[in-house]
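Structure first, then comments.
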Amino acid sequence: MWTALVVFVLSYIVIAGTRIPFTRLDRPAGALLGAVGMVVFGVVRPDEAARDAVNHDTILLLLGMMIVSAYMVEARMFRFASWFTLTHVHTPRRLLVALVFVSGLVSAVLVNDTVCLMFTPLVVQLAKDARLRPLPLLLALAFGSNAGSTATPTGNPQNMIIGTISGISYAQFTRALFLPALVSLGIVAAVLVVLFRRDLPDVRIEAEGLKRPDLKPRLAALCLVTLAGIVAAFFAGMNLAWTAMTGAAVLVLFSHERPRLVFERVDWILLLFFGALFVVVYGVGKAGVAEAMFQAIRPAFGDHPLEQAAIFGLFTVAASQVVSNVPFVLLASHWIPALSDPVFLWLSTALASTLAGNLTIIGSVANIIVLEGARGETKVGFVEFLRYGSIVTFLTLAAGFGVLWLERSLGWL
Numbered sequence: 038m039w040t041a042l043v044v045f046v047l048s049y050i051v052i053a054g055t056r057i058p059f060t061r062l063d064r065p066a067g068a069l070l071g072a073v074g075m076v077v078f079g080v081v082r083p084d085e086a087a088r089d090a091v092n093h094d095t096i097l098l099l100l101g102m103m104i105v106s107a108y109m110v111e112a113r114m115f116r117f118a119s120w121f122t123l124t125h126v127h128t129p130r131r132l133l134v135a136l137v138f139v140s141g142l143v144s145a146v147l148v149n150d151t152v153c154l155m156f157t158p159l160v161v162q163l164a165k166d167a168r169l170r171p172l173p174l175l176l177a178l179a180f181g182s183n184a185g186s187t188a189t190p191t192g193n194p195q196n197m198i199i200g201t202i203s204g205i206s207y208a209q210f211t212r213a214l215f216l217p218a219l220v221s222l223g224i225v226a227a228v229l230v231v232l233f234r235r236d237l238p239d240v241r242i243e244a245e246g247l248k249r250p251d252l253k254p255r256l257a258a259l260c261l262v263t264l265a266g267i268v269a270a271f272f273a274g275m276n277l278a279w280t281a282m283t284g285a286a287v288l289v290l291f292s293h294e295r296p297r298l299v300f301e302r303v304d305w306i307l308l309l310f311f312g313a314l315f316v317v318v319y320g321v322g323k324a325g326v327a328e329a330m331f332q333a334i335r336p337a338f339g340d341h342p343l344e345q346a347a348i349f350g351l352f353t354v355a356a357s358q359v360v361s362n363v364p365f366v367l368l369a370s371h372w373i374p375a376l377s378d379p380v381f382l383w384l385s386t387a388l389a390s391t392l393a394g395n396l397t398i399i400g401s402v403a404n405i406i407v408l409e410g411a412r413g414e415t416k417v418g419f420v421e422f423l424r425y426g427s428i429v430t431f432l433t434l435a436a437g438f439g440v441l442w443l444e445r446s447l448g449w450l
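Just so it is clear: in the sequence shown, position 116 is 153 by this note's numbering, and no numbers are missing.
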């Protein structure tokens, strides 16, 4: 047990972003070293690591959706969608609101990181052309994509883990969290409009400086049909992982694009991070460390489902800022089945771990993508981001949990 605990702690210290002297270790490296440590020191057998530790459905689901997203990027669909949004909304306030909802709804279907990666350059360009302060629009993109991705199991990586491990169907997950996500998007838009009202004058903006992207119509049509088929199969209860991989295979077969070039857009490092994390957390579970940790903190959660969801949700928000949401969700997957209402706890954890991403800059990869993509045009420090993010996070959490509990009370879950 102690060996597993030491490997786990050292691995999660690196994953938390702690700088180790004389090294350049990052989060994927920390996860990889932890996985290797679990095997080398005998906590997990090599065959267990390959066969039992890794949740292959999660890896395949993420890979399949990444490939589908990569083909949509190749078709220039994200650029076209962002260009269309930015050129058809003519006042700063309406533009901000549109950015929140468009980025959120697109992120509900596809991984939110990809949405932010594609939208950021055009948002920066429009802000420059319209002589607007870029920060409100960039926060609308980051906060909106995080909040909207709450709605489905494919919106973000931690939801993919919950969707595959919990056994909750795509339809049930979406039915439960779509309304909390929609309410959260409304709150994000309202809060940003109020906070930045002086930066959003009631004047007409023109976007002639934004060039219309050259959409690849045939590939775009194929992507839309494939994506519609994937979502329909998800709702029909088909296996999430192999549905996504089948959709990816259809695009590889019929797109007439060179697969190697498309595959270069896949975030293979994220897949490595996930695979290694599964081994680390499996070792923690096998050695009894996860159970010991749970028994130590279990009394704090209480016995009533609402009390458990609220306290566990706050615990999730805090832990997600320290070790990030994906590693925490993997660890929490050992604890949730032992609580009084596992389905409700799984859903509330998905809600909390995702909305927690809006609290700090490092709370979500989407935040980092947006701010790094615009670093030449605007600067925002940790404290300034926290000032905006704390208001958005706690208002959306309160409203989201309220809606989710109401759904449970009405028997909708």
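By construction, the Cβ of each residue, glycine as well, lies at the ideal position given by its N, Cα and C atoms.
For the set 382, 393, 115, 273, the Cα lying nearest the Cα of residue 155 is the one of 115. The way I'd put it, the region 262–275 doesn't touch the region 113–130; fewer than three beta-carbon pairs between them come closer than 8 Å. Per DSSP, the unbroken alpha helix (DSSP H) holding residue 267 starts and ends at 254–272. Burial check for residue 345: the Cβ neighbour count within 10 Å reaches 16 or more, so the residue is buried. Per DSSP, the unbroken alpha helix (DSSP H) holding residue 93 starts and ends at 93–111. The straight-line gap separating the alpha-carbon atoms of residue 240 and residue 405 is approximately 30 Å.
Sorting 433, 258, 362, 179 by C-alpha distance to the C-alpha of residue 223 places 433 at the top. Counting C-beta atoms within 10 angstroms of its own C-beta, residue 437 has 16 or more neighbours from the protein chains shown and is therefore classed as buried.
CA-to-CA, the gap between residue 282 and residue 139 works out to about 26 Å.
Nearest to residue 337 by alpha-carbon distance, out of 248, 380, 349, is 349. With respect to the C-alpha of residue 38, the residue from 328, 163, 104, 235 having the closest C-alpha is 328. The C-beta separation of residue 175 from residue 415 comes to about 7 Å, placing the pair in contact by the 8 Å criterion. Judged by DSSP in its simplified three-state form, residue 421 adopts helix. In terms of Cα proximity to residue 98, the closest of 196, 53, 52, 186 is 196. When the Cα atoms are used, residue 169 and residue 160 turn out to be separated by approximately 10 Å. The region 260–269 makes no contact with the region 77–91, as fewer than three CB pairs between them are under 8 Å. Taking the Cα positions, residue 417 is about 34 Å away from residue 211.
When only Cα atoms are considered, residue 366 and residue 419 end up about 24 Å apart.
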